[in-house]
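Below: one structure, written as structure tokens.
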Amino acid sequence: MTSSFLLSLTTFVFLFSAIFYLSGTIFRFQPLLKAGAFAGWAALIAQTAGIGLRWAESYRMGYGHIPLADMYESLVFASWAIMVIYLVFEWRIGQRTLGVFPALFSSLAMAYASFSKGVDSKIQPLVPALKSNWLIAHVVTCFLGYSAFAVSFGLSALYLARRKHTENPNPQSGVLGLLPSASQLEWFNYQMVLFGFLWLSVGIITGAVWANSAWGTYWSWDPKETWSLITWLIYAAVLHARNLKGWKGQKTAWLSIIGFGCVLFTYFGVNFLLSGLHSYARQ
Amino acid sequence: MRVTLPILIFAKPLESKYGMSKETNAVFRLLTSLKLTLVLFLLLAAASVLGTILPQGANPADLKAHFGPTLGPLLETLQLNDLFHSAWFSGLLLLLGANLVACTLDRLPKTVRILRKPQAAFDSRKLSNFSLSRAIATTLPFETTRSLVESVVGQAFGQMSPIESDAGFCTFHESGRWTRLMVHVAHLSVLVILVGALVGSFLGFKGNINLGEGQTSDTVMLAGGKSALKLPFSLRCDKFTVSFYNTGAPKEYKSDLAVIENGRKVFSRSILVNHPLTFRGITFYQSTYGTVLKQAAIELTDKKSGKKIELVLPFQQPVTIPGDDHLLFIADYQEDFMGFGRAIELAYGKVGQQKDFSARWILVDKPTFHGNLIGNYLVHVTRAEKTRFTGIEVKKDPGVWLVWVGFILLTVAIGLTFYSSHKKLWVCIEPDEKRKKTIVTLAGRANRNPHLFEEKFEHLRATLELRLKELPSPKEGASDKDIKGL
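Just so you know, the sequences run in chain order A and B.
Position in the first sequence (from 1) plus 900 gives the number in this note's numbering.
Position in the second sequence (from 1) plus 2 gives the number in this note's numbering.
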């Protein structure tokens, strides 16, 4: 069994997890939520094994490197990181109703990696620019940031949905009945944005230090760099806006959603629509 | 009364603090406002989006061709074709810097006062006003309760210090006061980064050297291609190699370089992508490679006499034509000149009159082309020898260490700002003579992550309640239920 086959299987396990979470939330049925978490953990373990296997395969091919070097490998890692962050978060807060979006995102990332014609799952050797110890630090930190923002997107969407139904006279009933209160969701989102912001900052910084040793400049307004800065500015705005009374709540939730849009553009849009130095990700 | 009040008392009106006029004060207030920060964040983000969509570095003609005669020049006037280096974008960054400075000036003194402030006079009755406040009543005698509480609280929160109180025994714990400074450190680190970038752009330079194998040069073409800079030493490329994987993808670009100073080789080293060489504060990066003409052999035919002359011209080095007072040199070479294949640009002129040289493109792959002539000669290129060159990025940035310091401070400060807090915990133990009970009051506050602190606080309360119940009470069966929120 090859690593890419095992990894493509996780697409479906993540999808089941998302379906369990969604139906558990809608029907307010705890065992389904438990099944969602179980499927999530199972997919994560399989994925971890898949990543390890791919790493070993690359060494057998004679140009071993950590699987974080192209579009396929970054999608797998993004999917993995989203679920790790979500499941740890779920375990910490003891609430299982927030898993729909993270599981769905993990599944979509794996589906795109495994089944899109534009993404090559073949293990490629490292081109000279990527041969650096900064590769691990830069990719891991950036994707921890991106993944936290993916979870934050889900929390913001649920917050906005929950806000709309605050007038509900019986908050324990209805489709959103099991969800945490709006103020709790707002707090969770703030925590997630904080976590993502810290990692994105470290990701941008490690990228700058790396660029300085590879290209002789720590900042060159390359589209990828610029878009990561745009993302950073939006989330910096979220964190500062929270201290302004009028911006707390809905506005910060919308800003987080816009921020995640920027993450997606930084990740995909820049590769396909704009040209720049960061072209390894295009294959 | 909330205990947060002392902070407000110390925030005196700005006029008296800085001796400002009303107008300056209004400007200062605007600069310190969080709304300005938000507007700047969003403006910078929007401008950056534009900068990635519009072609950066496009010249006016391109802009006109692309965006039409009205929009093209407008984009140029607004400097949108070089947005990130435009005056208005720098202005936005400067304003953000001013915003940071103003906020720090405004808020840092308040923080420093909190840091230095001795504990305010303590009143145990105020504890119940805290949002995080719990009371536990026990039938245990005062002294037993006190020693138990001290040990449990000490285990959970560490060092406690007793405080003077009007009734009973009170003790206090404080930690992380310094964490209040971290938000300022985060802000100042952004300034440090901006200053480092400024230092680099004013005192540093960036350019490139192209060196063929065996070639030596001390001239750096500066970025933009308009001017050159002489280094205090020379660089020689001894060898350049490219290796490939079996997939065809490039594996390694390597230049073996030697540093030459006063005609002597100081040292030699290879550079790879990601492994530059630094000498006297100037860093050399493996950046690109290509092929360049090394020399060309030509055959000149005198149009009048039909006499043939054979010459070997090294690239860009003048050679005198034998029996003539004219010079020839190859000024340029193109792999594909306007679709006609290889071509060399020959310059021709009288010795000592370099300014009046004329130049012509000679087509290598079309030897019968009627335009292959210069001066009185028909030109036939018999051989064009090429060599590989390595493209080396050259950079000096005296501000880079400031940027690194800023990066480290920013990372540490963001982490500490959000994941540490200034925590305070008060514990008072008072005998309630009337009801023959001992009342333990807990109160606490954290300036950040109140939820986390609350968890710890609740855990402490639960443990304390449990431990107090475990001890045998002096009167059997008289143990009462706890009173909450006195």
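Each residue gets a CB set at the ideal place from its N, CA and C atoms; glycine is no exception.
Which of helix, strand or coil DSSP assigns to residue i
i	result
A:Tyr963	coil
B:Val353	coil
A:Tyr1118	coil
B:Pro15	Note that B:Pro15 scores 45 on pLDDT, short of 50, meaning its location in the model is unreliable and no value can be drawn from it.
B:Asp338	coil
B:Ala60	coil
B:Pro252	strand
A:Lys1124	helix
B:Phe371	coil
B:Glu215	coil
A:Phe905	helix
B:Asp326	coil
B:Asn288	For the record, residue 288 of chain B in the displayed sequence is Gln; it is not Asn. Reduced to three states, the DSSP call for B:Gln288 is strand.
A:Ala1050	helix
A:Pro1069	Low confidence applies to A:Pro1069: its pLDDT is 49, below 50, so where it sits in the model is not reliable, and the reading given next is rough at best. Of the three classes helix, strand and coil, the one that applies to A:Pro1069 here is coil, per DSSP.
B:His277	strand
B:Val321	strand
B:Lys128	helix
A:Ala918	helix
B:Arg447	strand
B:Lys37	helix
A:Val913	helix
A:Leu1078	coil
B:Asn210	strand
Where the beta strand (DSSP E) containing residue i begins and where it ends
i	result
A:Tyr1167	Where A:Tyr1167 is concerned, there is no enclosing beta strand (DSSP E), given that its DSSP letter is neither H nor E.
B:Pro234	230–246
A:Gly841	This structure does not reach residue 841 of chain A, given that chain A is present from 901 up to 1183, and the question cannot be answered.
B:Pro316	310–316
B:Ala361	360–365
B:Arg136	135–140
B:Leu380	379–398
Where residue i meets chain B, residues with beta-carbon distance less than 9 Å
i	result
A:His965	Those within 9 Å of A:His965 in chain B number zero; the least Cβ separation is about 12 Å.
A:Trp1087	His453
A:Asn1171	By Cβ distance, chain B contributes nothing, its closest Cβ being about 13 Å from A:Asn1171, past 9 Å.
Chain A residues whose Cβ lies nearer than 8 Å to that of residue i
i	result
B:Phe43	Leu1133, Ile1134, Ala1136, Ala1137, His1140
B:Phe207	Result: empty, since nearest Cβ-Cβ is about 11 Å, beyond 8 Å.
B:Gly53	Trp1121, Thr1126
B:Tyr247	Tyr963, Pro1025
Range of the contiguous alpha helix (DSSP H) that encloses residue i
i	result
B:Ala28	24–34
B:Lys438	No alpha helix (DSSP H) holds B:Lys438; DSSP gives it neither H nor E.
A:Lys1145	That residue, A:Lys1145, is in no alpha helix (DSSP H); it is neither H nor E in DSSP.
A:Pro1025	Taken as a continuous stretch (DSSP letters only), A:Pro1025 belongs to no alpha helix (DSSP H), as it is neither H nor E.
B:His453	452–472
B:Leu411	402–421
A:Val984	971–993
Chain A contact residues for residue i, given Cβ-Cβ distances below 9 Å
i	result
B:Leu274	Pro1028, Lys1031
Where residue i meets chain B, residues with beta-carbon distance less than 7 Å
i	result
A:Trp1154	Within 7 Å Cβ-Cβ: nothing; A:Trp1154 doesn't reach chain B, min ~12 Å.
A:Ser1113	Asn276, Pro278
A:Leu1174	Thr54
Interface residues of chain A facing residue i [CB-CB closer than 7 Å]
i	result
B:Leu36	His1140, Asn1143, Leu1144
B:Phe86	Trp1121
B:Ala251	Gln1024, Pro1025, Val1027
B:Tyr350	Residues of chain A passing the Cβ test: none, with the nearest at roughly 39 Å.
heavy atom of the ligand SAM below 7 Å from residue i C-beta
i	result
B:Thr465	Of ligands this structure carries none, so the ligand SAM is not represented either.
Listed by chain order, chain B residues near residue i by CB distance under 8 Å
i	result
A:Tyr1118	Val402, Val405
field: Under 8 Å (Cβ pairs) to chain C, residues found in the region 450–461 of chain B
entry: Within the model displayed, chain C is absent; protein chains A and B are what it includes.
query: Taking the runs of the beta strand (DSSP E) that are 3 residues or longer, which of them lie wholly in the region 143–195 of chain B?
result: Correct list: 163–165, 171–177.
field: Positions along the region 1010–1034 of chain A whose CB lies within less than 7 Å of some CB in chain B
entry: Under the 7 Å Cβ criterion, the region 1010–1034 of chain A contributes Gln1024, Pro1025, Val1027, Pro1028, Ala1029, Lys1031, Ser1032.
- request: Quick one: which residues of the region 409–420 of chain B get their C-beta closer than 7 Å to a C-beta of chain A? List them in chain order.
  value: Taking 7 Å as the cut-off between beta carbons, the residues of the region 409–420 of chain B near chain A are Phe409, Leu412, Thr413, Ile416, Gly417, Phe420, in sequence order.
- prompt: Where are the alpha helix (DSSP H) runs, 4 residues long or more, that stay fully inside the region 46–98 of chain B, in chain order?
  reply: The region 46–98 of chain B is shown to contain whole alpha helix (DSSP H) runs of 4 or more residues at 62–79, in chain order.
- prompt: Listed in chain order, which residues of the region 1090–1109 of chain A have Cβ atoms closer than 8 Å to some Cβ of chain B?
  reply: Cβ contacts with chain B: Leu1094, Phe1097, Leu1098, Ser1101, Val1102, Ile1105, Ala1108, Val1109.
- request: Closer than 9 Å, Cβ to Cβ, to anything on chain A: give me those residues from the region 292–306 of chain B, in chain order.
  value: Within the region 292–306 of chain B, no residue places its CB atom closer than 9 Å to a CB of chain A.
- request: Using a Cβ-Cβ cut-off of less than 7 Å, list which residues of the region 974–985 of chain A approach chain B; keep chain order.
  value: Closer than 7 Å at the C-beta level to chain B, one finds no residue of the region 974–985 of chain A.
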